[in-house]
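Heads up: the structure comes next, in structure tokens.
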Amino acid sequence: MTLRLLRLGLAAALLAPAGAAAAASKLVVAMLPKSKGNAYHMSCVAGATRAARDLGVEFLFDGPTDSNAAKQNEIVENWITLGVDVIAVAAENREGISTALRKARRQGIQVITYDADAAPDARSFFVNQATPEGIAQALMDDAARLLGGEGEFAIILATLTAANQREWQKHIEARWKARYPKMQLVATRPCDDLKDKAQSEATALMSAHPNLRLIMAICSPAVPGAAEAVKQAGKTGRVKVIGLGLPSENRRYVKEGVTDTVILWKTEDLGYLTVEAAVALARGTLKPGAQSFTSRALGTLQIQGDNILLGKPFAFHRDNIDQFDF
Amino acid sequence: MKPASRDWPALLLRHEMLLLYVLIAEWLFFYFAGTTVNRRGVIIGFGTLDRQFDILRHSCEIGLLALALTPVILTSGIDLSVGSILGFCAIFLGLLWRDCGLPLPLASACTLAIGVAAGGLNAALIAALRLPPLIVTLGTYSLFRGLAEAITRGAITYTDFPAGFLFLGQERWLGLPAQAWIFALVAIGVWLLVHRTTFGRSFRVIGYSPEGARFAGLPVDRRLALVYLLAGGVAALAAIIYTARLGQAKADAGLGYELFAITAVVLGGTSIFGGTGTVHGTLLGVAAIAVLKNGLACLPVVMRLNAAEELAGLLTGALLLLALAAGVLPRILPVRRIFRRPADATPPPPTPP
Amino acid sequence: MRRYSRELSVAGAFALLLAVLAVFAPGFYQPQPLLSLATREAPTLVVACGMALVMISRQIDISVGSQFSVCGVCAGLLAAMHWPLAALLPAAVGLGALLGAVNGLLIAGLGLPSIVVTLAMMVTLRQGLNLVRQGKFVDLPENFQWFGLPQATGQWLLVGGALVCVLGLAAALRHLAAGRFVYAIGSDAEAARLAGLRPRLGTFGALVGLGALTGLAAVMNVVQSPQVQPLAGSGLELKVIAAAVVGGVAISGGRGNLWGVLAGVLLLATISPALTHLRVEAHWERAIQGAIVILAILADGAHRRWGKR
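Printed below as a string of structure tokens:
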């Protein structure tokens, strides 16, 4: 009885905003990051929120909080029945999400992807922070630069199943084999997106491979984890650490010289650009076949095929890391 | 003392009925609070047929797992590995189809067999060796997931299934989502098995007292083995539907599903200790959770907070605790009788919902 | 000797693993990495001891991972507010005990089944933390790491602390009446009640104890690095239950001791670095861990069936 009354009361309380929403005529942009518990994705969302405010559109975001592979599909399908205008997705499962995205397009909803792409026929554009090859090459070239072109290195990634991690790994290995034959990739270990596990893995890697000279951490919690392991092992300087991560999580280690380079892109800009492109797509100002896109905050950007390129990956070093606070 | 069949107050206050009220109340709440009109004048949100079908489609796999778990939990066992068996079978479906070149119907049939075999490992350890189900299935939870990861090296994804197969998970047949028909068939089958066959009735007996069942001459070990085999097979069926729905098979399929399935079963009134419970209760539990998760995402308040996922998890946890506590209240309330004056011969009022 | 046969078999398995490493990957035996490994696993050991207590009393608590995360984040936030360790440690332990008490009230007080209650708690705590924290790391002040001591001292302190915990709890289980109560409750709660014990109080106590130990372990984890990840502790429940089971603690209650748990923790913690040293690919790890748990359960079953003859 009480439960029922409570629920009816809540219904009455919340009906008012529902009525108000009915009268709204703003464009609705919905953003789906890969997960909500990840500071990288949340900073993309922060940029996106800002863009939505600047452009005067309604902004929704939601994302999986756990590793449920099907969650992204369900969220997209929710939005289809909510009748949003544009959906922007960072795809966790490339093929899986494409199914839902194609359905959205059939219903007249515009779709773009960012950070991690879906199938080309499932979206109009892909806002690419940089191509996977670009990111992988930046990492591999930096590793080679630090090691002088020879030596052993290892990779720590998030999970063995994450699509974009595997994509980067593929391109890193391609670049390594093509250009740096004197270097050797000795191991690839997952850390389940946990900083502490990355630390344990890095410790084991260093003791199992005494000649290891560089650890490449391609998932953001793994970069501080690996750095802490190197520091605790007393091998600062002898084992280099580079990776894809947030400046805020790595600032300490970069300043102490444990981590040499943190490569990323300006995640807030990525989020901002994504929403801008989404709105332009929905309003019809961005059409397929366009060669360039002009962003309020970022200037004119190149479009390669259907990839809107944010630019090249950005490398954070000791001398510039203080300029960023994400 | 009224005969049970005419004891309307008690009938209306049974656990499943209370859950039905909660479900109806939930549904109505989300209908009124979560349905609006968008800027193009189209009705959107919870109250659309599309949305209801989506709820149906999204809950089929978990629903199947919950149905598979109901007989298991009725026998006072548990199977934490159903989600991992789902992932394991999904991988094999992809492998048999793509790498071994089997046609999909045959590959699906083999997948069902593999699911039953996986359940067979649980059955062997639990029924034959009499090891505790919680720990055995905790081990197989890791083992099957680990094998799925090992076989695919984590990276291999099976995609590009033919449209005929994807129809199963993505299209509608005769008005309802295709997988809903399969789910309905399995639901009816399991209901008949548990409630109408002597075979199925023995599950509750075994759950209530395994020793008593043995002394009564029931082949307890064989029945136990069968429930775990059945659970494995149904998990394999869920794997096939999952793959068809997403269009891909990967080692992380079904990760986390077992917890929702167990929640649905317990919410539906089946005691985790075994011995009591119903299949329709489980179905109501699945519906309650699915409506909760989907409905929350439609509420403007929740959308503004961008917290649909977290709230769904929080509320599901709270709902589960409430349901458990409500189930226990009848035992606690009679304590009040001690404080009533002996002259009061009137029976205590029925327990409030 | 016979009494400890189960624990000895685990220790034997561990010794076997160590022997394999000695032959095929002698590089495993370096002091610094081993110390780091031990320090990393010290919190797990502490929680595993608490879990063993709860399992011996015939309950289970799968919310420890989420409790660990919550206590860790709170400890980190308090540290960031410059609370001294003397205040921070009891606060974290107290928070853990409080969470354990909530479980205890529901399980011992209302008689609800422990697996479902702790399942609900696990989801609720995890999602609540996600809602509040959104995955953002907590930055700790400069001198907080290793209690402000040099690294080696801090590491030995943590490892030593974990071992003292094990010793203390093992002694308490063996020699204190309260310890024997836990076994009694787990063996046969009704008989214990008829004998004048109070099973519900004992269950409540075990769950509060587990919560407190989780809070302690969370602090032990937080002092090991300059940041706290809210996701830390995810999957901990699986690790500690597996360690307890492998170590001979029975889910059916009444059996097991902390030496087995120690052996179980050591064995399972060594698997991952062993695979790295033996150059085994990473995707085998989970399957191997699952296989070990199954083997341990089989050993239990075999022991019970044939060991008594």
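Chains as they are written, first to last, in my numbering: chain U, 907 to 1232; chain Y, 108 to 460; chain W, 18 to 326.
Virtual Cβ for every residue (Gly too), placed ideally from N, Cα, C.
Let's test the definition: count the other Cβ atoms within 10 Å of the Cβ of residue i and tell me whether it reaches 16, buried, or not, exposed.
i          : result
MET1089(U) : buried
SER191(Y)  : buried
PHE306(Y)  : exposed
THR304(Y)  : exposed
SER378(Y)  : buried
PRO101(W)  : exposed
ASN1117(U) : exposed
VAL149(W)  : exposed
ARG252(Y)  : buried
GLU133(Y)  : buried
ILE233(Y)  : buried
ASN147(W)  : buried
PHE322(Y)  : exposed
ARG121(Y)  : exposed
For the beta strand (DSSP E) that residue i lies in, which residues bound it at each end?
i          : result
TYR1020(U) : 1016 to 1020
VAL90(W)   : Per DSSP, VAL90(W) belongs to no beta strand (DSSP E); it is in the alpha helix (DSSP H), 81 to 97.
SER1198(U) : 1198 to 1201
ARG260(Y)  : Where ARG260(Y) is concerned, there is no enclosing beta strand (DSSP E), given that its DSSP letter is neither H nor E.
Look at the alpha carbon of residue i and the alpha carbon of residue j, and state the distance between them as a whole number of angstroms.
i          : j          : result
ASP991(U)  : VAL409(Y)  : 19 Å
PRO1219(U) : GLN1043(U) : 10 Å
VAL373(Y)  : PRO178(Y)  : 12 Å
LYS400(Y)  : ILE369(Y)  : 16 Å
VAL63(W)   : ALA1135(U) : 22 Å
GLN1071(U) : ALA287(Y)  : 35 Å
ALA425(Y)  : GLY222(Y)  : 33 Å
ASN120(W)  : SER74(W)   : 14 Å
ALA1006(U) : ALA313(W)  : 44 Å
ALA952(U)  : THR383(Y)  : 50 Å
LEU1235(U) : THR955(U)  : Because chain U is modelled from 907 through 1232, residue 1235(U) falls outside the range shown and cannot be assessed.
TYR946(U)  : GLY381(Y)  : 45 Å
GLY67(W)   : ARG215(W)  : 20 Å
LEU127(Y)  : LEU391(Y)  : 7 Å
LEU125(Y)  : THR389(Y)  : 13 Å
ARG352(Y)  : LEU273(Y)  : 7 Å
VAL87(W)   : LEU142(W)  : 7 Å
PRO1087(U) : ALA175(Y)  : 54 Å
LEU1045(U) : GLU1073(U) : 13 Å
ASP78(W)   : ILE258(W)  : 9 Å
TRP1082(U) : GLU1039(U) : 12 Å
ASP1102(U) : LYS1137(U) : 14 Å
CYS207(Y)  : ASN979(U)  : 29 Å
GLU1145(U) : LYS1172(U) : Correcting the residue type first, residue 1145(U) is Val in the shown sequence and not Glu. Between VAL1145(U) and LYS1172(U), the C-alpha separation is close to 27 Å.
What are the start and end residues of the alpha helix (DSSP H) that includes residue i?
i          : result
GLU133(Y)  : 122 to 141
GLN1210(U) : Not the alpha helix (DSSP H): GLN1210(U) falls in the beta strand (DSSP E), residues 1205 to 1210.
GLU1174(U) : 1173 to 1189
GLN49(W)   : 48 to 73
ARG1012(U) : 1000 to 1012
ASP157(Y)  : 156 to 165
ASP1102(U) : 1101 to 1114
GLY1057(U) : Looking at the DSSP string, GLY1057(U) is not in any alpha helix (DSSP H); the run it does join, the beta strand (DSSP E), is 1057 to 1063.
VAL40(W)   : 22 to 41
Quick test of your reading: residue i and residue j, contact by CB under 8 Å. State the CB separation rounded to the nearest angstrom.
i          : j          : result
ASP317(W)  : LEU238(Y)  : 7 Å
ASN200(Y)  : ALA220(Y)  : Per the sequence shown, the amino acid found at residue 200(Y) is Leu instead of Asn. With a Cβ gap of about 11 Å, LEU200(Y) and ALA220(Y) do not count as contacting.
ASP1023(U) : ALA997(U)  : 6 Å
GLN49(W)   : ALA1139(U) : 6 Å
ARG23(W)   : GLY185(W)  : Their Cβ separation, rounded to whole angstroms, is 22 Å, which puts ARG23(W) and GLY185(W) out of contact at 8 Å.
VAL1017(U) : ILE993(U)  : 5 Å
ASP1021(U) : CYS950(U)  : 7 Å
Ordered list of alpha helix (DSSP H) runs contained in the region 394 to 435 of chain Y, each at least 4 residues: 407 to 412
Continuous alpha helix (DSSP H) assignments of at least 4 residues falling wholly in the region 118 to 202 of chain W: 131 to 150, 168 to 192
Segments assigned alpha helix (DSSP H), at least 4 residues, entirely inside the region 296 to 357 of chain Y: 305 to 315, 317 to 322, 327 to 353
Complete alpha helix (DSSP H) runs within the region 1120 to 1155 of chain U (minimum length 4 residues, chain order): 1128 to 1138
Contained alpha helix (DSSP H) runs [length at least 4] in the region 264 to 314 of chain W, N- to C-terminal order: 275 to 294
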